[in-house]
Every structure is written in C-alpha cells, then in structure tokens.
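Those protein sequences? They're chains L and Y, same order as listed. Going by my numbering, the first sequence opens with residue 1, and the numbers climb by one from there. Going by my numbering, the second sequence opens with residue 1001, and the numbers climb by one from there. Think of the CB as a built atom: it goes at the ideal place given N, C-alpha and C, for glycine as much as any other residue. Structure, as structure tokens:
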Amino acid sequence: MDTQVREKVFQEFFSALLQGDRKTCTAIVHDLLNQNILMKDIFVNLFEKSLYRVGDLWQQHQISVAVEHLACAITERLMTMVEMNMITLPYHDHVVLVACVADEYHQLGGRMVADIFETHGWRSYFLGANTPHADLLSLLSNKNPDLVALSLSVYCNLPSLLLVLGTIAEKHPYIPVLVGGQAFFWGGVDVLDRFSNVRYISSLDELEQVIGSYET
Amino acid sequence: MKPDEVPNLQARSLLYILSYAQVFLLVLDKTGTIMFANRYASHLAGVELERRHLKEIILLDSWQDTILDTWTSRETPPLMNIRMKNDLPRTLYITVYREDSLYLLFGHMDSEELQYVSKEIIELNKELNSKSRELNIRNAELSRLNALKNQFLGMAAHDLRNPVGIILNYADFLIEDLAGELSSEHLNFLNNIRSAAEDMKQVINDFLDVSIIESGHLTLTITETDPRDLIEDSIGKVIHTAERYGITFHTTIDPTLSNIIVDQHKIKQVLINLIKNAIEYSPKGGVIRISVTLIHDEIQVMVKDEGAGISTERQEVLFQDFSGTKSTKKDGERSVGLGLVISRKIVEAHRGRMYLESEPGTGSTFGFILPASAIATSLLTKDP
Chain L
1 MDTQVREKVF
11 QEFFSALLQG
21 DRKTCTAIVH
31 DLLNQNILMK
41 DIFVNLFEKS
51 LYRVGDLWQQ
61 HQISVAVEHL
71 ACAITERLMT
81 MVEMNMITLP
91 YHDHVVLVAC
101 VADEYHQLGG
111 RMVADIFETH
121 GWRSYFLGAN
131 TPHADLLSLL
141 SNKNPDLVAL
151 SLSVYCNLPS
161 LLLVLGTIAE
171 KHPYIPVLVG
181 GQAFFWGGVD
191 VLDRFSNVRY
201 ISSLDELEQV
211 IGSYET
Chain Y
1001 MKPDEVPNLQ
1011 ARSLLYILSY
1021 AQVFLLVLDK
1031 TGTIMFANRY
1041 ASHLAGVELE
1051 RRHLKEIILL
1061 DSWQDTILDT
1071 WTSRETPPLM
1081 NIRMKNDLPR
1091 TLYITVYRED
1101 SLYLLFGHMD
1111 SEELQYVSKE
1121 IIELNKELNS
1131 KSRELNIRNA
1141 ELSRLNALKN
1151 QFLGMAAHDL
1161 RNPVGIILNY
1171 ADFLIEDLAG
1181 ELSSEHLNFL
1191 NNIRSAAEDM
1201 KQVINDFLDV
1211 SIIESGHLTL
1221 TITETDPRDL
1231 IEDSIGKVIH
1241 TAERYGITFH
1251 TTIDPTLSNI
1261 IVDQHKIKQV
1271 LINLIKNAIE
1281 YSPKGGVIRI
1291 SVTLIHDEIQ
1301 VMVKDEGAGI
1311 STERQEVLFQ
1321 DFSGTKSTKK
1331 DGERSVGLGL
1341 VISRKIVEAH
1351 RGRMYLESEP
1361 GTGSTFGFIL
1371 PASAIATSLL
1381 TKDP
C-alpha cells in the first residue's frame, strides 16, 4: 500500500524501539496522528514492519528475548493510543470473532485485525493471545459471528491452529474463517486447502477487500 | 567425582562451576553435536544434552552451518536464543572458543538488561494504571450523566403525560358527543388523533417506567395472586385487538398451581406486553398459546405465537436498553422497543429471568420464569 510514513520516520521509530525508548516512539506516533495518517498505514508501515524486523533479528540471534518482549509491549501500548483516535462504535450488524489459538502468545497481529474490523463498523470480539480451544468454540456458539479470524505468529503452533480449524469445520461449517499471520511466511498455506471454509489472508489490504465484500 | 573430593583448589573450583554455578557450558564438535553439557545447561534445556545437536535447543530454523565460526569470530553481537524446557525462549550472552576440532561455548544471562526491561515494563504498567484510573473517572462521569438523562427522561415524560391525557379526554368527548354531527371524514380525523395520542401515552409510560427502574426506585407490592386471574385480566386488555385480526387464545394452567407470590400489577404489565407482541407478530387467524406451569420449584409463564420467528442476532439485542429495535407495528404504531426491556427489569426484580425461544419460520415463545417458593416468599418481607 502507498504510505504516508516516511522511511526516515520509520528508521527513527525502529531504532528507538530496539533501544526500548518508549518516549521517542510515543512522540513519533503522536506526530503521525497529528498529521491525520490513517490507522492502517501506521499499523502496517510502522508497527507491523518494525515487528517483522524485530522478529527477524531475534530469529538470527541478533537481539535478546527481552528486547523483543519490550518492543512488543511498547508497540501494543502505542496501538491503544492509535485506537483511541480511530475506533468508532459498531454501525452495522456484522460480528467477527478474532483470536490467537492456544499456545500462541503473540497477539498484536490479531489485535490489528480486530481494530480494522472495528473501523469498518463491525462488532469485534478480540480474545487475545493463547485462547483455549474450548473458550473459542464456546464463544463461537454463543456469538454466532459472520466471520472468524485466527492469527498465527509462530509456525510451530500450526498444529494447534489446524486442530481448531478442524473443529470449526465440523461444528460450524458455514462460518467462514480467515487465517493469517507471520507464521505463514514459513509455509503452511497449502495445508489450509483441506478446509473449504478457510481462507488465507496475506495482508491487511486483502483483509479490507474481504470486509468490503460484506458491505456491498 | 564430587568437588570436595578434589584436593587441588583450581580443579575443585572448576568442578564447582561445572556442577553448580549458573554458567551455561557446552562442548561441541565441529558439526555442532554436543559432546559435553554442564548441569546448568541441561537444567535450562530440560533434557540431557549430550549427543544432541545444538540446533535442537536454539530457535527453530535458526541453525546455520557457519554459526559456530561466526560466533567465534565475534562479528555479530554474542547472543544465542534458546528454547527452554517449557518452550519459552531465553537469551544467553555467549563466548565461543575454538579448541582444535571442538568448540567451547559459555553463556550467561545479562542481569542488567533484565533489570532495564523490568523497569520499563513497570513504567508501562504505571502508564496503563494511570489510563485505567482516567477511564474509571470517565466511567463515573458517564454514570452521572446517565442518571441525569434518566432524571430528565422522567421529568419530561411526567410533564408530557398531562397534556396527552387532556388530548385523549377531549378526543373521547368529541367522538362521543359529536359522532352524529360529524362527517365520516372528520370522525376519522378524530379517531386518528385519539389513536396517535394513545400511542404517545404508551411511549411516555414506557419512558417513565425506564426512568423509575434505572434510578433504582422500582418497588414491588407483593401479594398472593391467582395466576388464572392474571392471565384472564391480561387477555381482557388486548382482546379487542386480537379479535380484529381473528386471533384466538389457547390457555393452559397447571392444575397443581395455586396462588403465586408476585406484584400482580407489574407482572400483568409484563404479560400484556408479551401478549401484545404475540398479537403483533401473529398471522391473521393465528392462535396464541399461553401456559403457566410449575416445574422444579419454578413458575414458567410462556406465550407462544405463530409468527415469522426471530433471527439469533435480533434475539441478542431484544432485551437490551435502547437497543435500536424500534419498529413500526401492524397498525402503523411506532414502538421505541422498550416493552421487553421493562419486562426484563420487572421480572429480574422478582428474582426471575426472561425466556425466549425462536427460529425464523417456526414462531416465537416469549416468557418468564419466577421462583415459586423460598425466594418468592422472601420478597414478601424484603425489598427486591
């Protein structure tokens, strides 16, 4: 997507994030909000881009787990700041349930997805990290959503995701399920083909296209 | 051999480090296979490490054949991220030495970094707590504004009731006294004025009820009442409307049920509301089935219609305050959708609960369930 977040601003933010410099990060996001830059632009071209790079550095033994955790914590705090300016009350009846499966502790991607639905007037139920299967299925029966969106950041949690998808396909075959997240950069998209109600979403742009199909 | 069995101090110190110190030590061959691991290393990994490959304990897919040489050359920050026995990650700051065809890998945790992160997390937590406090203050302000809104609603409804009552009275008076003198068109005008005023009175009464309930001033006058009388009186209030659409009633009352303990006026209000709704959504010539049964110390009052049924999404919001369920009824009368909300609050004040079962195409059963004995009896002596 075209972005209003300039590379220089991104580099300043990313550098501050790696140093755990919360104040500089906050000031940068504040400036972007004052320039009326869209929430999705900030999510994708500042937060997501930074965290993917943080993930890569961590994977390559370049940064410690402490730095990674602090970067996530700061980013999540800043997401709250962005949400306050952008999210409105639901203005139609569409309902989505967003969750990370059991053992998946990275919830920022899922939260971004929930926020994007909210900005499109959906009522979103965000269950957060490490949602036990039973809780997810219980809420699914209870809320009967139009869509379910599941986020997967760590590839080794794929079996847990497949387990949930299997149960949803069996018990709620008519509820479409969207699946996405950084884990799929390592593979696994093809195994989703076994579920007719599941669609892989590669980006927030693609997510917005799906949301748009409900609005027409 | 235990350290205290070694006479030489240096050798003994080395054995202490190998056996007890929180120093991570691996001896690896040139392929990365672990030849020796000290006790702390095995403890962190949660498995015996000897003869395993290093790639089994570092982050998934992060092994490269050149990684040990890279670490030895110190070209990159000396970090190694491992997976512990509980699958949580941990970072070790490492030093790697090459000794002939072996690698010695020492690792430790950086307590300064951990302290820094702890401090930052505490700061973030403080910031969140302060935001939570702001939210609490704003919630309190919203509650105060909501109470003001209810107060205003009650005052406005109260003030509107009198003029609407006057419109109704004079409309009745004119219809009765001038019916013979007016043209049918003008008589129709008067009937429309009367009908609109009646609708407005209902809306105003709903607003008044809501303001009373929301302000916590709903009081019950609990008495023993025959459920047969309740049903009969309630049907009597709506029978003319039902007859207009050819709708009939089928009533079943549990013969073992004697008197029930309720506020009869308020429960009648609930019943009338449910029956009116059933008439509203019944097809012409339909049957409305009303039942009162005693099941396991609970009195279940159900009103079943033969209407189109209600989708699950709408069911969720039907009993919510100002849920946007306002609709235009059979006669063009507009409803603000407060009837079910008021019913729910009245039933809950009786320590009961509302009931709804419906599926599109199969009609709906609305009802309420009240405690029959112990709890109901306590209502006779206590405020709800």
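Close Cβ partners of residue i (< 6 Å) along its chain, the five nearest in sequence each way excluded
{"i": "Gln1022 of chain Y", "result": "Tyr1040"}
{"i": "Trp1071 of chain Y", "result": "Val1096"}
{"i": "Asp31 of chain L", "result": "none"}
{"i": "Leu1340 of chain Y", "result": "Leu1318, Phe1319"}
{"i": "Gly1286 of chain Y", "result": "Ile1247, Glu1306"}
{"i": "Lys1276 of chain Y", "result": "Val1238"}
{"i": "Ala183 of chain L", "result": "Leu152, Ser153, Val154, Tyr155"}
Where the beta strand (DSSP E) containing residue i begins and where it ends
{"i": "Ala149 of chain L", "result": "147-151"}
{"i": "Leu97 of chain L", "result": "95-100"}
{"i": "His1250 of chain Y", "result": "1248-1253"}
{"i": "Ser124 of chain L", "result": "123-126"}
{"i": "Pro996 of chain Y", "result": "The shown model of chain Y, from 1001 to 1384, leaves out residue 996 of chain Y, and the question about it has no answer."}
{"i": "Ile1261 of chain Y", "result": "1260-1262"}
Opposing strand residues paired with residue i [DSSP bridges]
{"i": "Tyr1355 of chain Y", "result": "Y:Gly1367"}
{"i": "Met1302 of chain Y", "result": "Y:Ser1291, Y:Gly1367"}
{"i": "Gly180 of chain L", "result": "L:Ser151"}
{"i": "Val189 of chain L", "result": "BP columns for Val189 of chain L are empty, so no partner."}
{"i": "Ser1211 of chain Y", "result": "Its beta-bridge partners do not exist; DSSP assigns none."}
{"i": "Phe195 of chain L", "result": "The partner list for Phe195 of chain L (beta bridge, DSSP) is empty, contrary to what the question assumes."}
{"i": "Val1104 of chain Y", "result": "A small correction: the amino acid at residue 1104 of chain Y is Leu; Val does not occupy that position in the sequence shown. According to DSSP, which records beta bridges pairwise, Leu1104 of chain Y is partnered with Y:Val1027, Y:Tyr1097."}
{"i": "Tyr200 of chain L", "result": "L:Val179"}
{"i": "Glu1224 of chain Y", "result": "Y:Ile1261"}
Range covered by the alpha helix (DSSP H) that runs through residue i
{"i": "Val1287 of chain Y", "result": "First-last for Val1287 of chain Y: 1287-1295, but that is the beta strand (DSSP E), not the alpha helix (DSSP H)."}
{"i": "Tyr155 of chain L", "result": "No alpha helix (DSSP H) holds Tyr155 of chain L; DSSP gives it neither H nor E."}
{"i": "Phe117 of chain L", "result": "108-119"}
{"i": "Phe10 of chain L", "result": "7-18"}
{"i": "Arg1344 of chain Y", "result": "1339-1349"}
{"i": "Thr75 of chain L", "result": "65-86"}
{"i": "Ile1231 of chain Y", "result": "1227-1244"}
{"i": "Val44 of chain L", "result": "Unbroken run through Val44 of chain L: none, as it is neither H nor E."}
{"i": "Val54 of chain L", "result": "49-59"}
{"i": "Ile37 of chain L", "result": "Neither: Ile37 of chain L is in no alpha helix (DSSP H) and is coded neither H nor E."}
{"i": "Ile211 of chain L", "result": "204-215"}
{"i": "Asn142 of chain L", "result": "133-143"}
{"i": "Glu1313 of chain Y", "result": "1312-1318"}
Under 8 Å from the C-beta of residue i: neighbouring residues of chain Y
{"i": "Arg22 of chain L", "result": "Glu1120, Glu1123, Leu1124"}
9 Å Cβ cut-off: residues of chain L touching residue i
{"i": "Glu1448 of chain Y", "result": "Beyond the ends of chain Y as shown, which are 1001 and 1384, falls residue 1448 of chain Y; an answer cannot be given."}
{"i": "Tyr1097 of chain Y", "result": "Chain L residues near Tyr1097 of chain Y: none, gap ~18 Å exceeds 9 Å."}
{"i": "Tyr1116 of chain Y", "result": "Gly20, Ala66, Leu70"}
{"i": "Glu1298 of chain Y", "result": "Those do not exist, as Glu1298 of chain Y stays about 23 Å from chain L at its closest Cβ, beyond 9 Å."}
{"i": "Glu1113 of chain Y", "result": "Ser64, Ala66, Val67"}
Chain-ordered neighbours of residue i on chain Y, where CB pairs are closer than 7 Å
{"i": "His61 of chain L", "result": "Ser1062, Leu1079, Met1080, Asn1081"}
{"i": "Cys156 of chain L", "result": "Leu1060"}
{"i": "Trp122 of chain L", "result": "Those within 7 Å of Trp122 of chain L in chain Y number zero; the least Cβ separation is about 13 Å."}
{"i": "Ala102 of chain L", "result": "Ordered by position in chain Y, no residue passes the 7 Å Cβ test against Ala102 of chain L, which lies about 12 Å from the chain."}
{"i": "Ala73 of chain L", "result": "Ile1121, Leu1124"}
Cut-off 7 Å between Cβ atoms - residues of its own chain near residue i, not counting five sequence neighbours on either side
{"i": "Leu131 of chain L", "result": "A small fix is needed here, since residue 131 of chain L is Thr in this sequence, not Leu. Ala99, Cys100, Val101, Ala102, listed in sequence order."}
{"i": "Ser203 of chain L", "result": "none"}
{"i": "Ile227 of chain L", "result": "Since the displayed chain L opens at 1 and closes at 216, residue 227 of chain L lies outside it and no answer follows."}
{"i": "Leu1230 of chain Y", "result": "Gln1264, Ile1267, Lys1268, Leu1271"}
{"i": "Ser124 of chain L", "result": "Val96, Val98, Ala114, Phe117, Glu118"}
{"i": "Arg22 of chain L", "result": "Ile74"}
{"i": "Phe14 of chain L", "result": "Ser50, Arg53"}
Proximal chain L residues relative to residue i, where beta-carbon distance stays under 7 Å
{"i": "Pro1089 of chain Y", "result": "Val65"}
Close beta carbons around residue i, own chain, < 8 Å, minus the five adjacent residues each side
{"i": "Thr1362 of chain Y", "result": "Gly1309"}
{"i": "Gly1332 of chain Y", "result": "Residue placement at Gly1332 of chain Y is poorly supported in this model, since its pLDDT is 46, which falls under 50; the coordinates still yield a value, given next. Excluding positions up to five away in sequence, the list is empty."}
{"i": "His63 of chain L", "result": "Note on residue identity: the sequence assigns Ile, not His, to residue 63 of chain L. Correct list, in chain order: Leu18, Val54, Leu57."}
{"i": "Met79 of chain L", "result": "Phe43, Phe47, Leu108, Arg111, Met112, Asp115"}
{"i": "Arg1161 of chain Y", "result": "Lys1201, Ile1204, Asn1205, Leu1208"}
{"i": "Gly20 of chain L", "result": "Val67, Leu70, Ala71, Ile74"}
{"i": "Gly1154 of chain Y", "result": "Phe1207, Leu1208, Ser1211, Ile1212, Ser1215"}
Contact set between residue i and chain L, taken where Cβ atoms lie within less than 8 Å
{"i": "Glu1313 of chain Y", "result": "Asp93, Val95, Asn144"}
Cross-chain neighbours of residue i in chain Y, by beta carbon under 9 Å
{"i": "Ala183 of chain L", "result": "Going along chain Y, no residue has its Cβ under 9 Å from Ala183 of chain L, so there is no contact; the nearest lies around 11 Å."}
{"i": "Ala129 of chain L", "result": "Those within 9 Å of Ala129 of chain L in chain Y number zero; the least Cβ separation is about 13 Å."}
Minimum length 3: unbroken beta strand (DSSP E) runs contained in the region 1019-1083 of chain Y: 1024-1029, 1034-1037, 1079-1083
To test your reading of the DSSP string, which unbroken alpha helix (DSSP H) runs of 4 or more residues are found completely within the region 1106-1172 of chain Y? none
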